[in-house]
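Have a look at the structure below, then the notes.
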Amino acid sequence: SAVISQKPSRDICQRGTSLTIQCQVDSQVTMMFWYRQQPGQSLTLIATANQGSEATYESGFVIDKFPISRPNLTFSTLTVSNMSPEDSSIYLCSVESSGRVDEQFFGPGTRLTVL
Amino acid sequence: GEDVEQSLFLSVREGDSSVINCTYTDSSSTYLYWYKQEPGAGLQLLTYIFSNMDMKQDQRLTVLLNKKDKHLSLRIADTQTGDSAIYFCAVQSGGYNKLIFGAGTRLAVHP
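So the sequence lines, in the order shown, correspond to chains R and E.
My numbering puts the last residue of the first sequence at 1097; the count rises by one with no breaks.
My numbering puts the last residue of the second sequence at 1236; the count rises by one with no breaks.
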């Protein structure tokens, strides 16, 4: 299985600021995904990030609010821009295990609180 | 769009079996997954089943799939206190590995 780390693990931010979350994988993967888990809720896919192409955003999520970078096959960042308290969530990155389409692994998550 | 539903709570006695149920709407889903989330932790992939299978067993875990009824279940045999967590059913959707998650079932195991 892939080993995924995220930084920071948690943060408390002020309204109107931005936070960039990093996701690092211990092996090369084609597809990386960013999810949001709002307090007490399930996970919702924000976007899919493939190396060398623009991220694909799900309905309700836009690039200006959640810009994503995917500079190589082991790393991605998600920025939460111009934050408001409604952005308080856990943000999780996940990867499709390279060569096996039936396994998707998740990072430990970044717990964001916006005041 | 795809919808995945789960009951929100399940309480069982230690040593009993737990059965967590999930229904979904997209009949074209290829893979169906069960994830476990312990308090303050990320998601752990427990098991998955391919859509052409009816059952998959992995130690204490048994996954049953009724494709006709679009019903998925996870049975945990000999449930232990360490199994207390939220269990998410997730269904592949959209032709690639986009996952649609259920709301999660909170499993409480009591002595």
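Idealized CB from N, CA, C, for every residue including glycine.
Being a predicted model, the structure only gives us computed values, none of them experimental.
- Query: Would DSSP call residue 1053 of chain R helix, strand or coil?
  - Reply: Taken through DSSP and simplified to helix, strand or coil, residue 1053 of chain R comes out as strand.
- By Cβ distance below 6 Å, which residues in the same chain neighbour residue 1229 of chain E in space, the five residues on each side in sequence not counted? Contacts found: 1211, 1213.
- Task: Please list the residues of the region 1066-1097 of chain R that have a C-beta atom closer than 9 Å to any C-beta atom in chain E, keeping them in chain order.
- Result: Residues of the region 1066-1097 of chain R with a C-beta atom less than 9 Å from some C-beta of chain E are 1072, 1074, 1076, 1078, 1083, 1084, 1085, 1086, 1087, 1088, 1089, 1090, 1091, 1093, listed in chain order.
- Task: State whether the region 1135-1149 of chain E contacts the region 1057-1067 of chain R, with contact taken as three or more CB pairs (one from each stretch) at a distance under 8 Å.
- Result: Output reads no: the region 1057-1067 of chain R does not touch the region 1135-1149 of chain E.
- Message: Suppose the cutoff is 6 Å on Cβ atoms and the five residues either side in sequence are ignored; what does the same chain contact list for residue 1172 of chain E look like?
- Response: Hits under 6 Å: 1159, 1183, 1186, 1188.
- Message: For residue 1007 of chain R and residue 983 of chain R, what's the separation of their Cα atoms in angstroms?
- Response: When rounded, the separation of the alpha-carbon atoms in residue 1007 of chain R and residue 983 of chain R is 11 Å.
- Query: With respect to the beta strand (DSSP E) encompassing residue 1100 of chain R, which residues constitute its N-terminal and C-terminal limits?
  - Reply: No statement about residue 1100 of chain R is possible, as the shown extent of chain R runs from 983 to 1097 and does not include it.
- Buried or exposed: residue 1175 of chain E, going by 16 or more other Cβ atoms within 10 Å of its Cβ? With fewer than 16 Cβ atoms within 10 Å of its Cβ, residue 1175 of chain E is classed as exposed.
- Query: Taking Cβ positions, are residue 1205 of chain E and residue 1139 of chain E nearer each other than 8 Å?
  - Reply: For residue 1205 of chain E and residue 1139 of chain E, yes; Cβs fall inside 8 Å.
- Query: Skipping 5 residues on each side, what residues in its chain have a beta carbon closer than 6 Å to that of residue 1026 of chain R?
  - Reply: So the qualifying residues of the chain are 1018.
- Item | residue 994 of chain R and residue 1095 of chain R closer than 8 Å at C-beta | Yes, the Cβ-Cβ distance between residue 994 of chain R and residue 1095 of chain R is below 8 Å.
- Message: For a test of the three-state rule: what should DSSP assign to residue 1208 of chain E, helix, strand or coil?
- Response: Note: residue 1208 of chain E maps to helix in three-state DSSP.
- Query: Quick one: what does DSSP say residue 1069 of chain R is sitting in, helix, strand or coil?
  - Reply: For residue 1069 of chain R, the secondary structure class from DSSP, reduced to helix, strand or coil, is helix.
- Query: Thinking C-alpha only, which one of R:1077, R:1066, R:1071 is nearest residue 1106 of chain R?
  - Reply: No statement about residue 1106 of chain R is possible, as the shown extent of chain R runs from 983 to 1097 and does not include it.
- Message: I'd like to know whether the C-beta of residue 1166 of chain E is nearer than 8 Å to at least one C-beta of chain R.
- Response: Taking Cβ atoms only, chain R reaches closer than 8 Å to residue 1166 of chain E, which makes this a yes.
- Report the neighbours of residue 1024 of chain R on chain E: residues whose CB is nearer than 7 Å to its CB, in chain order. Here the neighbours are 1213, 1226, 1227, 1228, 1229.
- Task: Confirm, please, whether the CB-CB distance from residue 1215 of chain E to residue 1090 of chain R is below 8 Å.
- Result: The answer is no: Cβ separation not under 8 Å.
- Message: Less than 6 Å between C-beta atoms, sequence neighbours within five positions excluded: which residues of the same chain meet that for residue 1031 of chain R?
- Response: Here the set comprises 1014, 1037, 1050, 1052, 1058.
- Using the C-alpha atoms, what's the distance from residue 990 of chain R back to residue 1127 of chain E? Their backbone Cα atoms lie some 32 Å apart in a straight line.
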